[in-house]
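For the sequence shown, our numbering begins at 25 and goes up steadily by one.
Below is one structure, written out as structure tokens, with a few remarks after it.
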Amino acid sequence: MERIEINPRKMGGKPVIKGTRIPVYFILELLANGWSFEDILENYPQLTREDILAAIRYASMILKEEQYVGVFG
Numbered sequence: 025m026e027r028i029e030i031n032p033r034k035m036g037g038k039p040v041i042k043g044t045r046i047p048v049y050f051i052l053e054l055l056a057n058g059w060s061f062e063d064i065l066e067n068y069p070q071l072t073r074e075d076i077l078a079a080i081r082y083a084s085m086i087l088k089e090e091q092y093v094g095v096f097g
């Protein structure tokens, strides 16, 4: 993903928006807490709409690759 970078020397290797120190998880948390794209862009002008979409796509890609084990009681 061209807008996401993972560098062990930046934010402990967490995926961030390229050229920033803003982690993907932070953008997802903002969205989960009700922030709109406009809210995010207003408060973090270094981000673009495409950056936000890239964070969502990245999370989706990671979840598709995860393997889940059911725990039944």
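Backbone N, C-alpha and C define an ideal beta-carbon position, used for all residues, glycine too.
| query | Relative to the C-alpha of R98, which residue among L55, L87, S84, I86 is closest? | reply | Because the chain in this structure spans residues 25 to 97, residue 98 falls outside the shown range and cannot be described.
| Whole-Å CB distance - Y49 paired with K38, under 8 Å assumed | Translated into positions along the sequence shown, residue 49 becomes position 25. Translated into positions along the sequence shown, residue 38 becomes position 14. Right, the Cβ-Cβ distance comes to about 7 Å (below 8 Å), so this counts as a contact.
| Whole-angstrom C-beta distance between I64 and I76, which should lie under 8 Å | Mapped onto the sequence shown, residue 76 falls at position 52. Mapped onto the sequence shown, residue 64 falls at position 40. I64 and I76 do touch by the CB rule: their CB atoms are close to 6 Å apart, below 8 Å.
| task | Look at the alpha carbon of Q70 and the alpha carbon of L52, and state the distance between them as a whole number of angstroms. | result | Here residue 70 refers to the residue found at position 46 when the sequence shown is read from its first residue. Here residue 52 refers to the residue found at position 28 when the sequence shown is read from its first residue. Q70 and L52 have their C-alpha atoms roughly 16 Å apart.
| message | Quick check on DSSP: helix, strand or coil for E29? | response | Within the sequence shown, residue 29 is the residue found at index 5, counting from 1. Three-state result, E29: strand.
| What whole-angstrom Cβ distance do Y82 and I46 have, given they're in contact under 8 Å? | On the sequence shown, residue 82 is found 58 positions in, with the first residue counted as 1. On the sequence shown, residue 46 is found 22 positions in, with the first residue counted as 1. Not confirmed; about 13 Å, so no contact.
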